[in-house]
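Chains as they are written, first to last, in our numbering: chain F, 2 to 103; chain E, 2 to 103.
Cβ coordinates follow ideal geometry from the N, Cα and C atoms, glycine included.
Computed from a predicted structure; not experimentally measured.
Here the structure comes first, spelled out in structure tokens, and everything after it is commentary.
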């Protein structure tokens with residue numbers, strides 16, 4: 002199992018559009034067979050800063066996400082709204098280690 | 002519901018001790034009545050960098066965590082192992098919004 006944090010900075014004026022596109026991406030991503038979580042979060046102190054919390058049962062399942070139609074649609078939709086490049090940071094899971102708790 | 006990311010940088014030589022103390026904290030934190038998740042993660046590229054992913058049903062429940070015996074024990078245990086001050090960053094949850102999915 003792995004978790005990737007995707008840090009995203011959105012240009013002013015596109016925050017509501019970004020939220021809508023990312024919630025749509027969430028709704029499809031959680032249906033992927035290897036997906037464990039796909040939380041969409043907005044920084045409380047900076048509404049232009051978002052994090053996607055993406056948990057997958059394997060590296061392969063995480064990589065496969067980038068081949069899905071919903072990911073590709075999301076990527077194209079939000080491309081012009083990025084204030085700076087996204088940063089994806091992979092993490093090992095120390096707890097919980099029981100897959101049933103994801 | 003809220004999520005707090007707690008970013009933690011650990012001094013070299015204390016990584017295994019920190020993991021053990023934080024997993025113990027996880028085991029008690031998930032029993033708190035208002036806790037939704039308490040994931041312990043280690044940066045894949047930098048083993049001295051950790052994140053606690055703390056989801057609570059309310060601001061009050063999140064604040065109450067800092068009054069628990071297990072938090073106070075963890076804080077005291079890890080105090081000398083911090084390479085720099087911890088950073089807690091609060092987030093709004095955009096998805097999933099169904100509490101049953103947390």
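| Check | Outcome |
| --- | --- |
| Using a threshold of 8 Å, state whether the C-beta atoms of residue 22(E) and residue 79(E) are closer than that. | yes |
| At a CB distance below 8 Å, what residues from the region 14-36 of chain F approach chain E? Give them in sequence order. | 20, 23, 24, 27, 28, 31 |
| So, under 8 Å CB-CB, residue 54(E) and residue 37(E) are touching, yes? Tell me the CB distance rounded to an integer number of Å. | In fact, because the Cβ distance is near 10 Å, the residues do not count as touching under 8 Å. |
| Based on Cα-Cα distance, which residue from 33(F), 3(F), 48(F), 44(F) lies nearest to residue 68(F)? | 33(F) |
| Starting from the C-beta of residue 29(F), find all residues in its chain whose C-beta is less than 6 Å away, skip the five residues before and the five after it, and write them out in chain order. | 71 |
| Less than 7 Å separating the Cβ of residue 33(E) from some heavy atom of the ligand GDP? | Here there are no bound small molecules, and the ligand GDP is not part of this structure. |
| Quick one, are the C-beta atoms of residue 4(F) and residue 42(E) less than 8 Å apart? | yes |
| Have a look at 40(F), 8(F), 92(F), 15(F) and flag the residue whose alpha-carbon is nearest the alpha-carbon of residue 47(E). | 92(F) |
| Can you name the residues of chain E whose CB is closer than 8 Å to the CB of residue 72(F)? | Those do not exist, as residue 72(F) stays about 15 Å from chain E at its closest Cβ, beyond 8 Å. |
| Starting from residue 92(E), find everything on chain F with Cβ-Cβ shorter than 8 Å and list it in chain order. | 42, 43, 44, 45, 52 |
| Can you check DSSP and say which residues form a bridge with residue 8(E)? | 52(E), 88(E) |
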